[in-house]
Amino acid sequence: MSNLHHQPPASPFVPFSPIQPGIPTSTPPLSSQKTPQLGTSNLRFASSRKSIYDRHLNRTQRSELSKASFSFLFSEMIQYAQKQVSGIQDLEKKLNQQGYSIGQRLLELLLHREGRSAKREVRVLGILQFVAQTLYRHLFGKPADGLEKSRENEDEYMLIDHDPAVNSYISVPREMSQLNCAAFVAGIIEAVLDGSLFPSRVTAHSVPTDQFPMKTVFLIKFDESVLEREAILQQ
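Residue 1 is where the sequence shown starts when you use this note's numbering, and the numbers rise one by one after that.
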């Protein structure tokens, strides 16, 4: 009987052999391998490598924002401000501050777009017309519904809006019925007046009527220095 010699099965793996110096290999070194490139577009730059700051300021002069987008953004601003305050007055003050920061930049943009035709207003009536017409039309696509002077105080004027856009889709709870979210617009107006060298204090007040249940009056109270300058210019 012959002895059978069992040979081990062939291994599927190639035995490792150390690289000898001077002998080229088919595997390129790690330094020469190219890493995958990411896309050219990201959150800051578009595919054209231009950001929003590269656009011309007059290109979007007639563009409009949908009410749905604005209402969603504004409601998030209110919820964010509400988490940082403890009362209605503090919430209105917070909205006023948010609007003030926007008004400062908006005044510079409006004057830039007017170009050489822009002029500096030095009279109270002139700056109020600028707010009621130019500013309001830029924000809401229409002028303010009214502009009145207080009969009791010489330093007070009233800007009237029958249906403020910022209050259109805001549901105010019953326990916060005194809240007027148009304090945000009041902050914008105050910043424009301060930037035009007409220091003032602007507050929003709800004055509902049967015909206009969302009617809001922006009370503009000028500083004493404004009245003194106005008296000199009238001479």
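The beta carbon of each residue, even a glycine, is placed where N, CA and C say it ideally should be.
What you are looking at is a predicted structure, and each value in this text was computed from that prediction instead of being measured.
Item: Span separating the alpha-carbon of F184 from that of K221; Value: 17 Å
Item: Opposing strand residues paired with T203 [DSSP bridges]; Value: L219
Item: V131 versus L125: straight-line alpha-carbon distance, rounded; Value: 10 Å
Item: Presumed contact (8 Å Cβ cut-off) between V202 and A186, rounded CB distance; Value: 4 Å
Item: Outcome for T216 when other beta-carbon atoms lying within 10 angstroms are tallied against a minimum of 16; Value: buried
Item: Cβ-Cβ separation, L107 to A191 (assumed contact under 8 Å), whole Å; Value: 7 Å
Item: Neighbourhood of S196 by C-beta, 8 Å cutoff - its chain only, sequence neighbours within 5 removed; Value: L107, R120, E121, I127 and F130
Item: Simplified DSSP state of M158, which is helix, strand or coil; Value: strand
Item: Distance, S177 Cα to R116 Cα; Value: 46 Å
Item: C-beta contact flag for V172 and P199 at 8 Å; Value: no
Item: K67, DSSP secondary structure in three states; Value: helix
Item: Nonlocal neighbours in the same chain, by C-beta distance under 8 Å from A81, ignoring five residues either side; Value: L91, K94, L95 and Q98
Item: Every unbroken alpha helix (DSSP H) within the segment 90–158, with a cutoff of 4 residues, ordered by chain; Value: 124–129 and 136–140
Item: Selection from I188, D161 and T134 that minimises the alpha carbon distance to E114; Value: T134
Item: Rounded C-alpha distance that separates G146 from Y136; Value: 11 Å
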